[in-house]
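J.: So that we are looking at the same thing, I have put the structure below in structure tokens.
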Amino acid sequence: IMSAKGLDTDYMRVRALPFSAEVREFIATHESVVVVEMNQHGQLAILLRTEYPEFATKIKSIAHCDGLPLSGEFVAQRVSEVK
169 IMSAKGLDTD YMRVRALPFS AEVREFIATH ESVVVVEMNQ HGQLAILLRT
219 EYPEFATKIK SIAHCDGLPL SGEFVAQRVS EVK
């Protein structure tokens, strides 16, 4: 879906705290990082900005919480809006 919209993307699944060195490297090597979360407040994005303040401006959040699963179309639309 995203490549059809002309969006060049990559992904990382963060599964544990404390963050590994790979998380910092991923953020450092990307122009922007969009954190897709199923909660109201964007908690993971907040934790990432706190842990890596030098990258805070490039970390964006798509926080979604309406009780339904995220659709690919929803994520693609929101990523194109925040990039």
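Numbering (the working numbering), first residue to last: 169 to 251. Note that the Cβ used here is the ideal one computed from N, Cα and C, for glycine as well.
#1: Counting Cβ pairs, one atom from each stretch, are 3 or more of them under 8 Å apart for the stretch 200-217 and the stretch 233-246?
#2: With a Cβ-Cβ cutoff of 8 Å, do I169 and E241 count as a contact?
#3: For S229, does the three-state DSSP call read helix, strand or coil?
#4: Measuring only the C-alpha atoms, how far is E219 from P237?
#5: Per the DSSP calculation, V247 is bridged to which residue(s)?
#6: Using C-beta distances below 8 Å, list every residue in its chain close to H198, excluding the 5 sequence neighbours before and after it, in chain order.
#7: Going by C-alpha distance, which of I214, S239, E222 and R192 is nearest S229?
T.: So, from the data block:
#1: yes
#2: Position 1 of the sequence shown, counted from the start, is the residue given in the question as residue 169. Position 73 of the sequence shown, counted from the start, is the residue given in the question as residue 241. Closer than 8 Å, so yes.
#3: Taking the sequence shown and counting its residues from 1, one reaches residue 229 at position 61. In this structure, S229 counts as strand in the three-state DSSP scheme.
#4: As a working mapping, residue 219 is identified with position 51 in the sequence shown. As a working mapping, residue 237 is identified with position 69 in the sequence shown. Cα to Cα, E219 sits roughly 28 Å from P237.
#5: Position 79 of the sequence shown, counted from the first residue, corresponds to residue 247. Beta-bridge analysis with DSSP links V247 to no other residue.
#6: Reading the sequence shown from its first residue, position 30 is the one you call residue 198. Contacts found: D178 and K226.
#7: The count along the sequence shown starts at 1 and reaches residue 229 at position 61. If you compare the alpha carbons of I214, S239, E222 and R192 with that of S229, the shortest gap goes to I214.
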